[in-house]
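**Q** Attaching a single structure in structure tokens format; questions to follow.
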Amino acid sequence: MARLQLVDLHLARGGQTVLERLSGSFQDGAITALIGANGAGKSTLIAAIMGMLTPFAGQIKCSVPKERRAWLPQQLALDLSFPMSVEELIMTGTWPSHGAFKGYCAAHYRRGREIMTRLGISHLAHRQLGELSGGQRQRALIGRTLMQEAELLLLDEPFANVDAETVDILMDTFRDMARQGATLVVVLHDMEQLAQLADDVLLLAGGQGRWVNPAALIEQHGGIAPRAPRLPFTLGELSHAGTD
Amino acid sequence: MLALIDAWLLAPFDYGFMRRAAVAGLALSLAAPPLGVFLMLRGMSLIGDAMAHAILPGVALGFVFAGFSLPMMSLGGILSGLLVALLAGSVSRLTGHREDSAMASFFLISLAAGVMLVSLAGSSVDLTHVLFGSILAVDSTALVLIAGIASLIVLVLAGIFRALVVDCLDPLFLRGQGVRGGLVHGAFLGLVVLNLTAGFQTLGTLMAVGLMMLPATAARFWSQRLEGLIAIAIVIALLASTSGLLLSYHLGLPSGPAIILLAGVAYVFSALFGRQHSLIARYRRRTAPLEPTPTSSS
């Protein structure tokens, strides 16, 4: 049985129905892309999975304990003026095992170092978060989820405002995490990234959800893909525009 | 030379009231600045002021019922401070208004209520004492109370330190871990109230905030690390309270304002000459030539 299942889910926000009759399960050890136009309910669904929003009806069945769920919201609530270094941020990912009181031991610091090396930010270990670029900050935050040994990752547009090198590193990291059994849900707008990353696709449109095979989606995507601002033109549309 | 040092720095402490005042100042200097650092970093620098007004009606009530009894006045102060913090927190949560507007409303009500109570029950001299304190009148009961509260603050702050740091940086992460951020925030505000109640006897309700905020805001010009900020703020507070006490002894100045003014001098000096973001640091940065390769010291 999959770790994360939706059963006839009905989500509402401020008295307005956002999503209804949404069922299905997210594959374990796979990356599911969550796509849909702005306002289709992607962030609402993620908030509900994180337990920040109570479903109006239906159920979210999630067998992952709360502290192994990681959420990277689109609009970071991070206070960047707070004095904290990259290493310190990554070490806070030990919260599930260490909580508020237990001291960090050398093995955990070593693990932090490994994570930073893997993400290519070990030279930034003592840099303050406020001094980082968008891409470096995103890598540091992913480092925290690695430290957390997250089994369920909810990533809301992780590649927005991020440089190409970081996108590559993050994609590799996400693949690795999925291979090790984690369940990843990624909000994407970019078809190319979807093609590279997604094992499965949940398409949200008009208050409904549809599970789509990524290969099929890419093939026929001009038709059903939602028109998000950052969606590239399809070849078909391009040739169409040329004949006008 | 030695005689001069003795006369200026050591002789004053031959008096019992000076020794008690010094110990009270040291205890407050250890407990208050870390709280101030967190208030500053959370963008709540003015909340300290609001809380200081909020403890006033409780102190006044204690005064009305028990006369000049420090334990009763402190207890009243703690209760009314916590009550205002709780009310402000719940009003903002229930109505969706920002916490600072609720806090502002409640502290103004508290201030008026407190001044009214003191005026009805006592004289303007008593009011001055509550508002501005008198560090030289600290007796041993007061000293035990102040030192006890200061120790409690340091211990509890150490306990909630990691949670507080994570809550300041990324409250969503903490919530995701199943910790209620409101709990951490509430405990922290409780410590602020405790600290202000400990401080009002020596510095007065209004000026107790000074020993909390000024060292913290001054430290911001010297360090960019949390540990550094806290350590520097404590050092500034220790220096200010000891030298302020000595100044007030030698020059016959009121002790509270002398201490806070010295902390203020530290702030102005730091703003001008500090290592980070001060006027001088900005000026230097503008005139320094571009370095070919940034030297990494890490």
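Just so you know, the protein sequences line up as chains A and B, in that order. For the first sequence, the positions run 0 to 243 when numbering that gives the first Met the number 0 is used. For the second sequence, the positions run 0 to 297 when numbering that gives the first Met the number 0 is used. Note that beta-carbon positions come from the ideal geometry of N, C-alpha and C, so glycine has one too. All values derive from a computational prediction rather than experimental measurement.
1. Just to confirm the assignment, what range does the alpha helix (DSSP H) spanning residue 249 (chain B) have?
2. What span of residues does the beta strand (DSSP E) with residue 60 (chain A) cover, start to end?
3. Which term fits residue 107 (chain B), buried or exposed, when burial requires 16 or more other beta carbons within 10 angstroms of its beta carbon?
4. Checking 8 Å against the spacing of the C-beta atoms, do residue 184 (chain A) and residue 53 (chain A) come in under that value?
5. What in chain A is Cβ-close to residue 177 (chain B), meaning under 8 Å?
6. Are the CB atoms of residue 61 (chain B) and residue 75 (chain B) within a distance shorter than 8 Å?
7. Using only alpha-carbon positions, find the residue among A:40, A:45 and A:88 that is nearest to residue 77 (chain A).
8. Quick check: the Cα distance between residue 134 (chain B) and residue 78 (chain B), rounded to an integer number of angstroms?
9. Compare the C-beta of residue 300 (chain B) with all C-beta atoms of chain A and state if any pair is closer than 8 Å.
10. Going along the chain, which unbroken runs of the beta strand (DSSP E) with 3 or more residues stay wholly within the region 3 to 59 of chain A?
11. Please state whether DSSP places residue 207 (chain A) in a helix, a strand or coil.
12. Whole angstroms is fine: what's the gap from residue 234 (chain B)'s alpha carbon to residue 242 (chain B)'s?
13. Is the Cβ-Cβ distance between residue 18 (chain A) and residue 48 (chain A) less than 8 Å?
14. Consider the Cβ of residue 153 (chain B): report whether some Cβ of chain A lies at a distance smaller than 8 Å.
15. Closer than 7 Å to a non-hydrogen atom of the ligand NAP - does that hold for the CB of residue 230 (chain B)?
16. Are any of the Cβ atoms in chain B nearer than 8 Å to that of residue 78 (chain A)?
17. Would you call residue 167 (chain B) buried or exposed, if buried means 16 or more other Cβ atoms sit within 10 Å of its Cβ?
18. Measure the C-alpha to C-alpha separation of residue 271 (chain B) and residue 279 (chain B) and round it to an integer number of angstroms.
19. Straight-line CA distance for residue 20 (chain A) to residue 275 (chain B)?
20. By alpha-carbon positions, which one of A:97, A:98, A:103 and A:144 ends up nearest to residue 115 (chain A)?
21. Can you tell me whether DSSP reads residue 68 (chain A) as helix, strand or coil?
22. Can you list the residues of chain A that residue 225 (chain B) reaches, using a CB-CB cut of under 9 Å?
23. Determine, using beta carbons only, whether residue 240 (chain A) comes closer than 8 Å to chain B.
24. Out of A:15, A:37, A:43 and A:55, state which residue places its alpha-carbon closest to the alpha-carbon of residue 8 (chain A).
25. Taking C-alpha atoms, which residue in A:217, A:198 and A:156 lies nearest to residue 24 (chain A)?
26. Tell whether a beta-carbon distance below 8 Å holds between residue 142 (chain A) and residue 120 (chain A).
27. With a cut-off of 8 Å on the beta carbons, I'd call residue 153 (chain B) and residue 29 (chain B) a contact; round off their distance for me.
28. Quick one: is residue 236 (chain A) buried, meaning 16 or more other Cβ sit within 10 Å of its Cβ, or exposed?
29. Nearest chain A C-beta to residue 40 (chain B) closer than 8 Å, yes or no?
30. Using the beta-carbon count (16 or more within 10 Å), is residue 41 (chain A) buried or exposed?
31. Do you know offhand how far residue 105 (chain B)'s Cα is from residue 45 (chain A)'s?
32. Could you say which of B:69, B:258, B:7 and B:187 lies nearest to residue 160 (chain B) if we only look at CA atoms?
33. Is the distance from the Cβ of residue 201 (chain A) to the Cβ of residue 210 (chain A) below 8 Å?
34. State yes or no: is the C-beta of residue 122 (chain A) within less than 8 Å of the C-beta of residue 86 (chain A)?
**A** Looking at the coordinates:
1. Here residue 249 (chain B) is taken as the residue at index 250 of the second sequence, counted from 1. Looking at the DSSP string, the run of the alpha helix (DSSP H) that includes residue 249 (chain B) is 225 to 250.
2. Walking along the first sequence from the start, residue 60 (chain A) turns up at place 61. From DSSP, the beta strand (DSSP E) with residue 60 (chain A) extends over 56 to 61.
3. Locating residue 107 (chain B) in the second sequence gives position 108, where the first residue counts as 1. Classification for residue 107 (chain B): exposed.
4. Here residue 184 (chain A) refers to the residue found at position 185 when the first sequence is read from its first residue. Here residue 53 (chain A) refers to the residue found at position 54 when the first sequence is read from its first residue. Their beta carbons are not under 8 Å apart, which means residue 184 (chain A) does not touch residue 53 (chain A) by this criterion.
5. By 1-based counting over the second sequence, the position of residue 177 (chain B) is 178. Near residue 177 (chain B) (Cβ distances below 8 Å), the residues of chain A are 65 and 66.
6. Here the question's residue 75 (chain B) lines up with position 76 in the second sequence. Here the question's residue 61 (chain B) lines up with position 62 in the second sequence. A contact, by the Cβ cut-off of 8 Å.
7. Taking the first sequence and counting its residues from 1, the one referred to as residue 77 (chain A) is at position 78. It is A:88.
8. If you number the second sequence from 1, residue 134 (chain B) lands on position 135. If you number the second sequence from 1, residue 78 (chain B) lands on position 79. Approximately 23 Å, taken between the alpha carbons.
9. Only positions 0 to 297 of chain B appear in this structure, which leaves residue 300 (chain B) out of reach.
10. Runs found: 3 to 12, 15 to 25 and 30 to 35.
11. Start at 1 with the first residue of the first sequence, and residue 207 (chain A) comes out as number 208. Three-state result, residue 207 (chain A): strand.
12. Numbered from its first residue, the second sequence carries residue 234 (chain B) at position 235. Numbered from its first residue, the second sequence carries residue 242 (chain B) at position 243. For residue 234 (chain B) and residue 242 (chain B), the distance between alpha carbons rounds to 12 Å.
13. Counted from its first residue, the first sequence places residue 18 (chain A) at position 19. Counted from its first residue, the first sequence places residue 48 (chain A) at position 49. The answer is no: Cβ separation not under 8 Å.
14. As a working mapping, residue 153 (chain B) is identified with position 154 in the second sequence. No - not a single Cβ of chain A is within 8 Å of the one on residue 153 (chain B).
15. Summarising the ligand content, the structure contains no ligands, and the ligand NAP is consequently not present.
16. Mapped onto the first sequence, residue 78 (chain A) falls at position 79. So yes, residue 78 (chain A) belongs to the interface.
17. Against the second sequence, residue 167 (chain B) aligns to sequence position 168. Residue 167 (chain B) comes out buried.
18. The count along the second sequence starts at 1 and reaches residue 271 (chain B) at position 272. The count along the second sequence starts at 1 and reaches residue 279 (chain B) at position 280. The straight-line gap from Cα to Cα measures roughly 6 Å.
19. As a first step, residue 20 (chain A) is located in the first sequence; it is residue number 21 there, counting from the start. As a first step, residue 275 (chain B) is located in the second sequence; it is residue number 276 there, counting from the start. Between the C-alpha atoms of residue 20 (chain A) and residue 275 (chain B) there is a straight-line separation of about 56 Å.
20. Here residue 115 (chain A) refers to the residue found at position 116 when the first sequence is read from its first residue. Selected option, being the one with the closest Cα: A:144.
21. Within the first sequence, residue 68 (chain A) is the residue found at index 69, counting from 1. The answer is strand: DSSP assigns residue 68 (chain A) an E or B state.
22. As a first step, residue 225 (chain B) must be located in the second sequence, where it is residue number 226. For residue 225 (chain B), the C-beta contacts it makes with chain A under 9 Å involve 81, 82, 83 and 87, in order along the chain.
23. Counting from one through the first sequence, the residue named residue 240 (chain A) turns up at place 241. Because residue 240 (chain A) sits at a pLDDT of 40, beneath the cut-off of 50, its placement in the model cannot be relied upon, and the point is left open.
24. As a position in the first sequence, residue 8 (chain A) is number 9, starting the count at 1. The shortest C-alpha separation from residue 8 (chain A) is found at A:55.
25. On the first sequence, residue 24 (chain A) is found 25 positions in, with the first residue counted as 1. Comparing Cα-Cα distances from residue 24 (chain A) to each of A:217, A:198 and A:156, the minimum goes to A:198.
26. Residue numbering aside, residue 142 (chain A) sits at position 143 when the first sequence is read from its first letter. Residue numbering aside, residue 120 (chain A) sits at position 121 when the first sequence is read from its first letter. Yes. Within cutoff.
27. Here residue 153 (chain B) refers to the residue found at position 154 of the second sequence. Here residue 29 (chain B) refers to the residue found at position 30 of the second sequence. So it is a contact: roughly 6 Å between Cβ atoms.
28. By 1-based counting over the first sequence, the position of residue 236 (chain A) is 237. Because the pLDDT of residue 236 (chain A) is 43, which lies under 50, any placement of that residue in the model is unreliable, and the number read from its coordinates should be weighed accordingly. Per the 10 Å Cβ criterion, exposed.
29. Here residue 40 (chain B) refers to the residue found at position 41 of the second sequence. Yes - at least one Cβ of chain A is within 8 Å of the one on residue 40 (chain B).
30. What you label residue 41 (chain A) is simply residue 42 of the first sequence in a count that begins at 1. With 16 or more other Cβ atoms inside 10 Å of its own Cβ, residue 41 (chain A) counts as buried.
31. Here residue 105 (chain B) is taken as the residue at index 106 of the second sequence, counted from 1. Here residue 45 (chain A) is taken as the residue at index 46 of the first sequence, counted from 1. Cα to Cα, residue 105 (chain B) sits roughly 37 Å from residue 45 (chain A).
32. Within the second sequence, numbered from 1, the residue matching residue 160 (chain B) stands at position 161. Taking only the C-alpha atoms, the option nearest residue 160 (chain B) is B:187.
33. Here residue 201 (chain A) refers to the residue found at position 202 when the first sequence is read from its first residue. Here residue 210 (chain A) refers to the residue found at position 211 when the first sequence is read from its first residue. For residue 201 (chain A) and residue 210 (chain A), yes; Cβs fall inside 8 Å.
34. The sequence position of residue 122 (chain A) within the first sequence is 123, counting from 1. The sequence position of residue 86 (chain A) within the first sequence is 87, counting from 1. Cβ atoms of residue 122 (chain A) and residue 86 (chain A): not closer than 8 Å.
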